[in-house]
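Here's the structure we're looking at; comments come further down.
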Amino acid sequence: MSGSAMVGASSSWSRAMLQISPYTFSALGIAIAIGVSVLGAAWGIFITGSSLIGAAIKAPRITSKNLISVIFCEAVAIYGVIVAIILQTKLESVPPSQIHEPESLRAGYAIFASGIIVGFANLVCGLCVGIIGSSCALSDAQNSSLFVKILVIEIFGSALGLFGVIVGIIMSAQATWPAKPV
0 MSGSAMVGAS SSWSRAMLQI SPYTFSALGI AIAIGVSVLG AAWGIFITGS SLIGAAIKAP
60 RITSKNLISV IFCEAVAIYG VIVAIILQTK LESVPPSQIH EPESLRAGYA IFASGIIVGF
120 ANLVCGLCVG IIGSSCALSD AQNSSLFVKI LVIEIFGSAL GLFGVIVGII MSAQATWPAK
180 PV
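Residue numbers (my numbering): 0 to 181.
If you want it as structure tokens, here you go:
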């Protein structure tokens, strides 16, 4: 492929990206923040719950104590809902003449990037908390003195989601839409 054809192809992509409304990117970011966070929470609950049910056959005493791992996984979904609400408050109406201004594009891309970061950080957090919760249930069934030690590790795994929320909030602060003409 010649160099001029590559330049033409890249400029057509950039032109196509500029024609997409920033509100589309904003809506996708909000949907990804909540959707992928809930997916991570569900995956973590599935991993923890299946191990908890299996281990509770041998040691029924662990059932209520290890439900805290499921609660940690549910917190991941709540992080996504909170950030989606924050991102939704960042949306402002812009006159059609200003929709493709650089400031509008920057705001739309900032909300989109914030949603992606929060969503995928919470996906990883849900998996991490689910795997640690699974090992917590299995080890607690064998030796009850290990529960608190592994619970501390689970709290550190839960911090991954909080880091994603913090970065998402910082990035969403960059979303400023153009001022409306008076």
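All C-beta atoms in this analysis are idealised placements derived from N, C-alpha and C, irrespective of residue type, glycine included.
With fewer than 16 other CB atoms across the displayed protein chains lying within 10 angstroms of its CB, ILE19 is exposed.
For GLU73, the uninterrupted alpha helix (DSSP H) segment begins and ends at 66–88. DSSP places ALA40 inside the alpha helix (DSSP H), whose first and last residues are 21–57. The DSSP-derived three-state label of VAL117 is helix. Assigned with DSSP and collapsed to three states, ARG60 falls in coil, not helix or strand.
The beta carbons of ASN65 and ALA158 sit about 20 Å from each other, so the pair does not count as a contact at 8 Å. Here DSSP, grouped into helix, strand and coil, assigns ALA112 to helix.
Here the C-alpha atom of ILE61 lies approximately 11 Å from the C-alpha atom of SER50. Contact check between the segment 89–109 and the segment 145–161: fewer than three CB pairs, one atom from each, fall below 8 Å, which does not count as touching. DSSP places SER171 within a helical segment (H, G or I) once states are collapsed to three. Restricted to the segment 117–156, not a single beta strand (DSSP E) segment is unbroken, complete and at least 3 residues in length.
In the three-state reduction of the DSSP assignment, ALA15 falls in the helix class. Your pair ALA109 and GLY160 does not check out as a contact, with CB atoms roughly 20 Å apart and the cut at 8 Å. Counting only the Cα atoms, GLY39 lies some 7 Å from VAL123. Residue state for ILE165 is assigned as helix, using DSSP reduced to three classes. Between the alpha carbons of LYS179 and GLY79 lies a distance of about 30 Å. Straight-line measurement puts the Cα of ILE33 at about 15 Å from the Cα of GLY43. With fewer than 16 other CB atoms across the displayed protein chains lying within 10 angstroms of its CB, ILE84 is exposed. Taking 8 Å as the upper bound for CB-CB distance, LEU90 and GLY114 are not in contact here, some 12 Å apart.
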